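Chemist: Just so we're on the same page, my numbering is the position in the sequence shown counted from 1, plus 87.
We put the CB at the ideal spot given by N, CA and C, even for glycine.
Every value quoted in this text rests on a predicted model; they were computed, and no experiment measured them.
One structure coming up, written as structure tokens, with questions to follow.
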Amino acid sequence: MQREENRDNEIIHDFRNGDQEGAFNMLVQTYQQRLYSHCRRMMGNHEDADDALQNTFLKAWKGLKNFRRESKLYSWLYRIASNECLTLLERQKKNRTFTIEETNEPVAPDSTGPGSEEIQEALTEAVSQLPHKQQMVFSMKYFDELKYEEISSITGTSVGALKSSFHIAVKKIEETLRQRSNLLSPSKSQ
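Take a look at the structure:
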């Protein structure tokens with residue numbers, strides 16, 4: 088934690104004191120993978136995740152000189168990435184019918200054994216059916232394991248509203264999975 092804070096301070100210091108290219112390269116190197124994973128989960132495919140990530144870093148480049156340190160650098164970047172993903176998703180929704188893209192990324196960590204692929208597919212589909220903002224909150228809490236306070240800092244939403252949104256998302260996912268399992272389960276008369 089302290090190491091990340093020191094690195095963030097170094098990035099900001101270097102950026103503001105003339106080594107913008109070096110500072111930006113360090114920022115990208117430090118946060119690219121974590122932000123890409125978040126964008127990939129939200130966007131559902133590599134190409135759109137890459138677009139969102141590029142837009143995120145472009146906005147970070149333009150805004151880093153004005154970064155006020157009211158939150159952690161990662162929280163600030165995560166918020167930019169989340170907003171970029173939401174913007175792209177809304178644009179896609181307006182331009183065409185949304186189709187679910189299956190990811191090759193494992194959705195449930197350490198899932199092995201019979202049916203794990205079907206479970207991952209079902210969870211991916213259930214999450215993709217949530218409204219975009221609920222997808223984002225669910226992703227941050229469940230996949231990224233962020234605390235509500237961190238999510239609040241990123242989204243500007245109260246902790247209470249986030250807890251409610253996460254709870255509603257979980258209930259919707261459970262219902263979708265329950266309906267799917269009823270459709271997929273073999274009949275008892277066999």
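1. CA-CA distance, residue 141 and residue 263?
2. CB-CB under 7 Å to residue 246, same chain, minus the five flanking residues each way: which ones, in chain order?
3. Classify residue 125 as buried or exposed, calling it buried when 16 or more other Cβ atoms lie within 10 Å of its own Cβ.
4. From 261, 223 and 144, pick the residue whose C-alpha is nearest to that of residue 118; which is it?
5. From this set, 158, 172, 265 and 102, which residue's C-alpha is nearest residue 219's C-alpha?
6. Alpha carbon to alpha carbon, how far is residue 259 from residue 269? Give it in angstroms, no decimals.
7. Let me know if residue 150 comes out buried or exposed under the rule of 16 or more other beta-carbons within 10 Å of its beta-carbon.
8. Given residue 181, which residues of its chain have a CB within under 8 Å of its CB, disregarding the five upstream and five downstream residues?
9. Since residue 226 and residue 129 should fall inside the 8 Å C-beta cutoff, what is the C-beta to C-beta distance between them, to a whole number of angstroms?
10. Tell me the rounded alpha-carbon separation between residue 261 and residue 216.
11. Taking 9 Å as the cut-off, decide whether the C-beta atoms of residue 179 and residue 137 are in contact.
12. Report the rounded CA-to-CA distance for residue 93 versus residue 205, giving the unit in angstroms.
13. Using alpha carbons as the reference points, say which of 116, 214, 156 and 174 lies closest to residue 253.
Modeler: So, to answer that:
1. Start at 1 with the first residue of the sequence shown, and residue 141 comes out as number 54. Start at 1 with the first residue of the sequence shown, and residue 263 comes out as number 176. Take the alpha-carbon of residue 141 and the one of residue 263: they are about 33 Å apart.
2. Taking the first residue of the sequence shown as 1, we reach residue 246 at position 159. Cβ within range, chain order: 235, 236 and 239.
3. For the purposes of this step, residue 125 is identified with residue 38 of the sequence shown, where counting begins at 1. Counting other Cβ atoms within 10 Å of its Cβ, residue 125 reaches 16 or more and is therefore classed as buried.
4. On the sequence shown, position 31 is the one that residue 118 refers to. When only C-alpha atoms are compared, the closest one is 144.
5. Indexing the sequence shown from 1 puts residue 219 at position 132. Among 158, 172, 265 and 102, the Cα nearest to that of residue 219 is on 172.
6. Position 182 of the sequence shown holds residue 269. Position 172 of the sequence shown holds residue 259. Looking at the backbone, the Cα of residue 269 and that of residue 259 are separated by about 15 Å.
7. Here residue 150 refers to the residue found at position 63 of the sequence shown. With fewer than 16 Cβ atoms within 10 Å of its Cβ, residue 150 is classed as exposed.
8. Sequence index remark: in the sequence shown, residue 181 carries index 94 (1-based). None.
9. Taking the sequence shown and counting its residues from 1, one reaches residue 226 at position 139. Taking the sequence shown and counting its residues from 1, one reaches residue 129 at position 42. Between residue 129 and residue 226 the Cβ distance is about 6 Å, and since that is below 8 Å, they are a contact.
10. Numbered from its first residue, the sequence shown carries residue 261 at position 174. Numbered from its first residue, the sequence shown carries residue 216 at position 129. C-alpha separation (whole angstroms): 12 Å.
11. Translated into positions along the sequence shown, residue 179 becomes position 92. Translated into positions along the sequence shown, residue 137 becomes position 50. Going by C-beta atoms, residue 179 is not nearer than 9 Å to residue 137.
12. Sequence index remark: in the sequence shown, residue 93 carries index 6 (1-based). Sequence index remark: in the sequence shown, residue 205 carries index 118 (1-based). Going from the Cα of residue 93 to the Cα of residue 205 covers about 43 Å.
13. Here the question's residue 253 lines up with position 166 in the sequence shown. Closest by C-alpha distance to residue 253, out of 116, 214, 156 and 174, is 214.
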